[in-house]
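Participant:
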Amino acid sequence: MSAFRTVRGMRDFLPEEAKLMKFIESKARRTAQLYGYKEIITPVVESYELLAAKAGEEIRSRMYAFKDLGDRKVALRPEFTASVARLIATTLRNEPKPLRLFCVGSLYRYDEPQQGRFREFWQSNYELMGSNKPEADAEIVMLTDSLMKSVGLKNCVFKMGHVGVLRGVLSHEKLEDKVQNEVMQLMDKKQYDDALRLAESAGASEKCIVTIQKLVELKGGDVFETVEKAKEYVRGYKRAVDAVMNLCEILKLVSETGEKIDITVEAGFARGLEYYTGMIFEVYAPETPIALGGGGRYDRLIELFGGEPTPAVGVAHGIDRIMLAMQRQKTTLRTEEEKTIMIIPIKEKLKREALKISRTLRDADIPVEVEVMGRKVTKALEDADRRETSYAIIIGEKELKEDAVVIRNLKKREQRVVKIENIIETIKNNKL
RNA sequence: GCCGAGGUGAGGUAGCUUGGUAGCCUACGGGCCUGUGGAGCCCGGCGCCCGGGUUCAAAUCCCGGCUUCGGCCCCA
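Numbering-wise, the first sequence is residues 2 to 433 according to the numbering used here.
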């Protein structure tokens, strides 16, 4: 055996898996079309500075970064957002708004592999830029719901929140942005006690601490009741109240579509990425404890990359994770199996005829395989059967003299002699 | 980066405790079978994760590494 294998964290997709992945990708692409998102393709390799610009220390330290032969410092993209932001800040800066962009592809992070996490992974990514309206946020949530349903996933749950709630409370206390970020990060890690202690030592009031505590505990149940309670808790913190109202508006829009979407609101929900400024959410499938997708609003991002201030909301879906969730739910792909044909020349000298006929069939858009192992008919038919081929076309001298071949239906085990010029018609019209 | 459990032909496994010829099933290639199979029989190729150590002798015991699967961290 050769000692070669895939590098840690990288994997092969064998036909079955490749098919599943391409299926999800096609659904993601279709969803993009249905919602009016234009697909763009950006490079896997970008300048290190671009990718590091906005990424936190954590992501930066896990980038595949290296110098190319021209001594440029580059890295493999760990996410799409930087590339898209680069485009919006430069080439696409004068595009009419709203601007809806979609991309799908592989990303790279030097993490320790574990359930649903690999060093090379695939995402579909949707960004809606130019609108600060709640309907834009709602669209991103709906779109995610559409995608999950279109691949056949059942019972997905959305976890939603709004970074403005906690931030509103913290900033009211005049805590520095940096401290706020740290507190938010601790909250994201669910280290609530540490978060509170940090806020307290930075000068947050007793009232603030109590408020945050109550917010953290506030989750689940009826969405609108939760929102009402949150509004009560943050009374007096104007920006926090605004945030709750905004979240409420988005939730209303989503729920009023009539589509059944399972949503849980967590008032103290924080997502790690520092650039979120508004609504945030993650999607889960019940069998899988990891987020299948996540996103939210980031109104500052484009200006961080040197563009015009542009409100934006977006989402990324982990294709690998969706695959995992589908496998756990035993989702069956609804794809049509195409008929396949095996061409078997009986004699060595008939193989030219086999290739010729195969070409004719392919030109007529019929998938064909030619027996290339030099097998005898018996073995060749066995092989065709094992591959669940629909038809075998057997080319023999006897029939060829009459410009004909034998077409055998392998499922029915019936066969008939057919003129070469009639092969296409016979197969296309299921005449056997 | 840290922690835990594992690694025997391509896949699934036996052997490991108690060191001594690596066995089985499936899959793969071929023959029996010079034009009709899905059966059977027979033959063949392919293996102890890697590197050290202990020993007359290591798949087996010891150490280190790699790697797989999970957990932490982070995230999709």
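Backbone N, C-alpha and C fix where the C-beta goes; we use that ideal spot for every residue, glycine too. Keep in mind the model is a prediction, meaning the values are calculated, not measured.
Tell me whether the beta-carbon of Glu174 lies closer than 7 Å to the beta-carbon of Ala205.
Facilitator: Yes; because the gap between Cβ atoms is below 7 Å, this pair is in contact.
Participant: Would you identify the three-state DSSP class for Asp404, choosing helix, strand or coil?
Facilitator: In this structure, Asp404 counts as coil in the three-state DSSP scheme.
Participant: Once the 5 residues before and after Val418 are set aside, which same chain residues still bring their CB inside 7 Å of it?
Facilitator: Excluding positions up to five away in sequence, the list reads Glu400, Ala405 and Val407.
Participant: Using 7 Å as the threshold, is the C-beta distance between Ala86 and Phe306 below it?
Facilitator: Going by C-beta atoms, Ala86 is nearer than 7 Å to Phe306.
Participant: Are Asp138 and Val314 touching if we call contact CB-CB under 7 Å?
Facilitator: In contact: Asp138 and Val314 (Cβ atoms closer than 7 Å).
Participant: Rounded to the nearest angstrom, what separates Leu252 and Gly294 at their Cα positions?
Facilitator: The straight-line gap from Cα to Cα measures roughly 18 Å.
Participant: In its own chain, which residues sit with a C-beta less than 6 Å from the C-beta of Thr332, not counting the 5 before and 5 after it?
Facilitator: Contacts found: Gly153.
Participant: What does the alpha-carbon distance come out to for the pair Glu267 and Lys160?
Facilitator: Cα to Cα, Glu267 sits roughly 7 Å from Lys160.
Participant: DSSP three-state label for Ile428, please.
Facilitator: The answer is helix: DSSP assigns Ile428 an H, G or I state.
Participant: Is the beta carbon of Thr278 sitting closer than 7 Å to the one on Arg298?
Facilitator: Cβ distance < 7 Å, so Thr278 and Arg298 count as in contact.
Participant: Between Lys395 and the rest of its own chain, which residues show a CB-CB distance below 6 Å, the 5 nearest in sequence each way excluded?
Facilitator: It should be noted that the sequence gives Ile, not Lys, for residue 395. Cβ neighbours of Ile395 beyond the five flanking positions: Ile345 and Val407.
Participant: Exposed or buried, what is Asn247 when buried is set at 16 or more other beta-carbons lying within 10 Å of its beta-carbon?
Facilitator: Buried is the call here.
Participant: Hey, Asp195 and Leu187 are a contact pair by Cβ (cut 8 Å); roughly how many whole angstroms apart?
Facilitator: Sure, about 5 Å apart at Cβ, within 8 Å.
Participant: Measure how close the beta-carbons of Ser48 and Lys74 come, nearest whole angstrom, since I'm counting them as under 8 Å.
Facilitator: Contact holds; Cβ gap of about 7 Å.
Participant: Could you check what DSSP says for Asn156 in three-state terms: helix, strand or coil?
Facilitator: DSSP places Asn156 in coil when its eight states are reduced to three.
Participant: Three or more C-beta pairs closer than 8 Å, one from the stretch 47 to 63 and one from the stretch 358 to 365: is that the case here?
Facilitator: The answer is no - the stretch 358 to 365 does not touch the stretch 47 to 63, with fewer than three Cβ pairs under 8 Å.
Participant: Is the distance from the Cβ of Ile210 to the Cβ of Leu197 below 7 Å?
Facilitator: Yes, the Cβ-Cβ distance between Ile210 and Leu197 is below 7 Å.
Participant: Assuming Val170 contacts Val228 under a Cβ cut-off of 8 Å, what Cβ separation, rounded to an integer in Å, is found between them?
Facilitator: No, Val170 and Val228 are not in contact; Cβ-Cβ is about 16 Å, not under 8 Å.
Participant: What does DSSP give as the partner residues of Asn247 in its beta bridges?
Facilitator: Asn247 pairs with nothing; no bridge assigned.
Participant: Can you tell me the Cα-Cα spacing of Thr7 and Phe119, whole angstroms?
Facilitator: Going from the Cα of Thr7 to the Cα of Phe119 covers about 12 Å.
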